[in-house]
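*Asks:* All residue numbers in the sequence shown are consecutive under numbering that gives the first Met the number 0, ending with 327. Cβ coordinates follow ideal geometry from the N, Cα and C atoms, glycine included. Quick caveat, the model's predicted, so the values are computed rather than measured. Take this structure first; my questions come after.
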Amino acid sequence: MQRDDIWVICGASVFILIGAAIMLPGIRNLYRALASAGWPRTAATVITSDRSAEAEHDRDGSSTMYLANIQFRYEVAGHEYTTDVLHFGQTGGSGDSSEVELRRFRYPLGAEVTVVYNPHAPAIAAAEPGFTAEALLLPGAGLAFLVPAIMCIVLYLGMSRGSALFGVGLAMFAGIFAILGCAFLTMGLVNLARAWESQHWPQAPGVIRYGQIDSSTHIDQSADSGPASSTSAGDHIVFGYEVNGKQHYSNVRLFGQVAEQSSLSAHDVALQYPVGKVVSVHYAPGNPDLGVLEPGIQREAYWLPGAGAAFLLFGLAIFIWGIPALTR
């Protein structure tokens, strides 16, 4: 093994170790999410329900990260426990303030709720059992370090030695785009399906309970005349509505909505949905927590499946034409 080989393999191995370290807790959370659907339940009380905000500044701009601080107290076999887990795999914070407020509305201070707990370790519990898409974020982040690092080693060895490993490396490169494309396309098609179905969902009167325009500043360091800044904003709302005598909350204005908009567009939405306004909510019959204000397919719903299709087609093009042409 040559000296350059050692440097490349050692450098890539650092990213492999980082990826493995991220993936291990992610796989654990994914297992717990799937297993929690069958765990026993017990009554719990919300003992903390507030939020905090942290300003984040870097050379490329500034933004605000919102955190929900929600804790549950419950008892199992005469022992008292507390947990702050809503569902396994949940992210720590969000740049969307409505996500945090939505959790606070659903779990107000003093509310009586139900949690599930691990029968072998009762200190492990969650308020929302079962699989959620967030449970895939940590394993996905681990793969984002792991797979490119392995691909780098395989491509390097294939190029330096002229072996079939070069084709394997190209296949891994194409596979990354194909997998991302499938993920985006799946999420986008789910949004499109929900948007289409929402036109026929039952309706309930609702009220806008929260509204805030979240903004972030981005600095373009490559501008010819010096750094130039731009501000993007998003109007985030939470609305409440009642279904079969139970209160529900949602923050979905339309399916496929873009998180960041121009400041003018965000203010237009804020004027359209001021706090206290009575609105009509379309909700999913099988999941009343899924409510939307503007049913039907809007043009924003095509962005995600469009991006997924572009990634997938690029990956397939490398498989079909790129690899045969570069490995002759």
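For GLY256, does the count of other Cβ atoms within 10 angstroms reach 16, so buried, or fall short, so exposed?
*Replies:* Taking the first residue of the sequence shown as position 1, residue 256 is located at position 257. The sequence shown places Gln at residue 256, rather than the Gly named in the question. Under this definition GLN256 is a buried residue.
*Asks:* Can ALA143 and ALA11 be called in contact, C-beta distance under 7 angstroms?
*Replies:* In the sequence shown, residue 143 corresponds to position 144, counting from 1. In the sequence shown, residue 11 corresponds to position 12, counting from 1. Their beta carbons are not under 7 angstroms apart, which means ALA143 does not touch ALA11 by this criterion.
*Asks:* Distance, Cα to Cα, GLY314 vs ALA20?
*Replies:* Within the sequence shown, the letter at position 315 stands for residue 314. Within the sequence shown, the letter at position 21 stands for residue 20. Taking the straight line from one Cα to the other gives about 28 angstroms.
*Asks:* Which word fits ARG105, buried or exposed, when buried means at least 16 other C-beta atoms lie within 10 angstroms of its C-beta?
*Replies:* Taking the sequence shown and counting its residues from 1, one reaches residue 105 at position 106. ARG105 comes out buried.
*Asks:* Would ARG50 and VAL99 qualify as a contact pair, given that the criterion is a beta-carbon distance under 7 angstroms?
*Replies:* What you label residue 50 is simply residue 51 of the sequence shown in a count that begins at 1. What you label residue 99 is simply residue 100 of the sequence shown in a count that begins at 1. The answer is yes: Cβ separation under 7 angstroms.
*Asks:* Should VAL13 be labelled buried (16 or more other beta-carbon atoms within 10 Å of its own) or exposed?
*Replies:* Translated into positions along the sequence shown, residue 13 becomes position 14. Its Cβ having fewer than 16 others within 10 Å, VAL13 is exposed.
*Asks:* Taking the continuous alpha helix (DSSP H) assigned at SER93, which residues delimit it?
*Replies:* By one-based count along the sequence shown, residue 93 stands at place 94. Neither: SER93 is in no alpha helix (DSSP H) and is coded neither H nor E.
*Asks:* Ordered along the chain, which non-local residues of its own chain (more than five positions away) have a Cβ less than 8 angstroms from that of PRO121?
*Replies:* Counted from its first residue, the sequence shown places residue 121 at position 122. Around PRO121: VAL75, ALA76, HIS78, TYR80.
*Asks:* What do you reckon, are the CB atoms on GLY290 and SER264 nearer than 7 angstroms?
*Replies:* Looking up residue 290 in the sequence shown gives position 291. Looking up residue 264 in the sequence shown gives position 265. Cβ distance not < 7 angstroms, so GLY290 and SER264 don't count as in contact.
*Asks:* Who pairs with GLU299 in a beta bridge, going by DSSP?
*Replies:* For the purposes of this step, residue 299 is taken as residue 300 along the sequence shown, with counting starting at 1. Partner(s): none; GLU299 has no beta bridge.
*Asks:* What does the alpha-carbon distance come out to for the pair LEU135 and GLY25?
*Replies:* Locating residue 135 in the sequence shown gives position 136, counting from the first residue. Locating residue 25 in the sequence shown gives position 26, counting from the first residue. So the two alpha carbons sit approximately 7 angstroms from each other.
*Asks:* Looking only at DSSP bridge pairs, what is SER51 linked to?
*Replies:* The count along the sequence shown starts at 1 and reaches residue 51 at position 52. Paired residue(s): LEU66.
*Asks:* Quick one: give me the first and last residue of the beta strand (DSSP E) that ASN117 is part of.
*Replies:* Within the sequence shown, residue 117 is the residue found at index 118, counting from 1. Its beta strand (DSSP E) spans residues 111 to 117.
*Asks:* Starting from the C-beta of HIS86, find all residues in its chain whose C-beta is less than 6 angstroms away, skip the five residues before and the five after it, and write them out in chain order.
*Replies:* On the sequence shown, position 87 is the one that residue 86 refers to. Around HIS86: ALA125, GLU127, THR131.
*Asks:* Can you give the Cα-Cα distance for ARG102 and ASP95, rounded to whole angstroms?
*Replies:* As a first step, residue 102 must be located in the sequence shown, where it is residue number 103. As a first step, residue 95 must be located in the sequence shown, where it is residue number 96. Cα to Cα, ARG102 sits roughly 12 angstroms from ASP95.
*Asks:* Counting only the same chain and skipping the five closest in sequence on each side, list residues whose C-beta sits under 7 angstroms from that of LEU184.
*Replies:* By one-based count along the sequence shown, residue 184 stands at place 185. Correct list, in chain order: PRO304, GLY307, ALA308, LEU311.
*Asks:* What distance in whole Å lies between the Cβ atoms of ALA36 and GLY141, which are believed to be in contact at a cut-off of 8 angstroms?
*Replies:* For the purposes of this step, residue 141 is identified with residue 142 of the sequence shown, where counting begins at 1. For the purposes of this step, residue 36 is identified with residue 37 of the sequence shown, where counting begins at 1. Contact flag wrong, Cβ pair sits at about 24 angstroms.
*Asks:* Classify HIS199 as buried or exposed, calling it buried when 16 or more other Cβ atoms lie within 10 Å of its own Cβ.
*Replies:* Taking the sequence shown and counting its residues from 1, the one referred to as residue 199 is at position 200. Its Cβ having fewer than 16 others within 10 Å, HIS199 is exposed.
*Asks:* CA-CA distance, HIS281 and GLN202?
*Replies:* In the sequence shown, counting from the first residue as 1, residue 281 sits at position 282. In the sequence shown, counting from the first residue as 1, residue 202 sits at position 203. Straight-line Cα distance between these residues: approximately 5 angstroms.
*Asks:* Determine the extent of the alpha helix (DSSP H) in which THR352 is found, giving its start and end residues.
*Replies:* Because residue 352 is not part of the residues shown, which for the chain are 0 to 327, the question remains open.
*Asks:* Who are the Cβ neighbours of MET186 in its own chain at under 7 angstroms, not counting the five residues just before and after it?
*Replies:* For the purposes of this step, residue 186 is taken as residue 187 along the sequence shown, with counting starting at 1. Within the same chain, MET186 has close Cβ partners LEU303.
*Asks:* Quick check on HIS56: buried or exposed, where buried means 16 or more other Cβ atoms within 10 Å of its Cβ?
*Replies:* Residue 56 sits at position 57 when you count from the first residue of the sequence shown. In this prediction, HIS56 scores a pLDDT of 49, lower than 50, which makes its location untrustworthy; the coordinate-derived value is nonetheless stated afterwards. The residue is exposed, with fewer than 16 neighbouring Cβ atoms inside 10 Å.
*Asks:* Mapping DSSP to helix, strand and coil, what is LEU330?
*Replies:* Since the displayed the chain opens at 0 and closes at 327, residue 330 lies outside it and no answer follows.
*Asks:* Note down, in chain order, each residue of its chain lying with its Cβ closer than 7 angstroms to the Cβ of GLY168, except the 5 sequence neighbours on either side.
*Replies:* Here residue 168 refers to the residue found at position 169 when the sequence shown is read from its first residue. For GLY168, where only same-chain residues beyond five positions count, the Cβ hits under 7 angstroms are MET150, VAL153, LEU154, GLY157.
*Asks:* Give the range of the beta strand (DSSP E) segment to which ILE123 is assigned.
*Replies:* Taking the first residue of the sequence shown as position 1, residue 123 is located at position 124. 120 to 125 is the extent of the beta strand (DSSP E) around ILE123.
*Asks:* So, are the CB atoms of GLY88 and ALA34 less than 7 angstroms apart?
*Replies:* Here residue 88 refers to the residue found at position 89 of the sequence shown. Here residue 34 refers to the residue found at position 35 of the sequence shown. In this structure, ALA34 does not lie closer than 7 angstroms to GLY88 by Cβ.
*Asks:* Can PHE254 and ARG193 be called in contact, C-beta distance under 7 angstroms?
*Replies:* On the sequence shown, position 255 is the one that residue 254 refers to. On the sequence shown, position 194 is the one that residue 193 refers to. It is a contact, given that the beta carbons lie within the stated cut-off.
*Asks:* Roughly how many whole angstroms lie between the Cα atoms of TYR30 and VAL146?
*Replies:* Locating residue 30 in the sequence shown gives position 31, where the first residue counts as 1. Locating residue 146 in the sequence shown gives position 147, where the first residue counts as 1. Rounded to whole angstroms, TYR30 to VAL146 spans 21 angstroms at the Cα level.
*Asks:* Do ALA173 and PHE318 have their C-beta atoms closer together than 7 angstroms?
*Replies:* In the sequence shown, the residue the question calls residue 173 occupies position 174. In the sequence shown, the residue the question calls residue 318 occupies position 319. Yes. Within cutoff.
*Asks:* Name the residue from LEU16, VAL189, ALA170, ALA182 whose alpha carbon lies nearest to the alpha carbon of PRO323.
*Replies:* What you label residue 323 is simply residue 324 of the sequence shown in a count that begins at 1. The shortest Cα separation from PRO323 among LEU16, VAL189, ALA170, ALA182 belongs to ALA170.
*Asks:* What distance in whole Å lies between the Cβ atoms of VAL112 and VAL328, which are believed to be in contact at a cut-off of 8 angstroms?
*Replies:* Because the chain is modelled from 0 through 327, residue 328 falls outside the range shown and cannot be assessed.
*Asks:* Going by DSSP, what residue range makes up the beta strand (DSSP E) through VAL251?
*Replies:* In the sequence shown, residue 251 corresponds to position 252, counting from 1. Counting along the chain, VAL251 falls outside any beta strand (DSSP E), and DSSP gives it neither H nor E.
*Asks:* How big is the Cα-Cα spacing for ASP267 and PHE165?
*Replies:* Numbered from its first residue, the sequence shown carries residue 267 at position 268. Numbered from its first residue, the sequence shown carries residue 165 at position 166. Looking at the two C-alpha atoms, the distance is approximately 53 angstroms.
*Asks:* Let me confirm a value: TRP38 is counted as buried when at least 16 other C-beta atoms fall within 10 Å, else exposed. Which label applies?
*Replies:* As a working mapping, residue 38 is identified with position 39 in the sequence shown. Result: buried.
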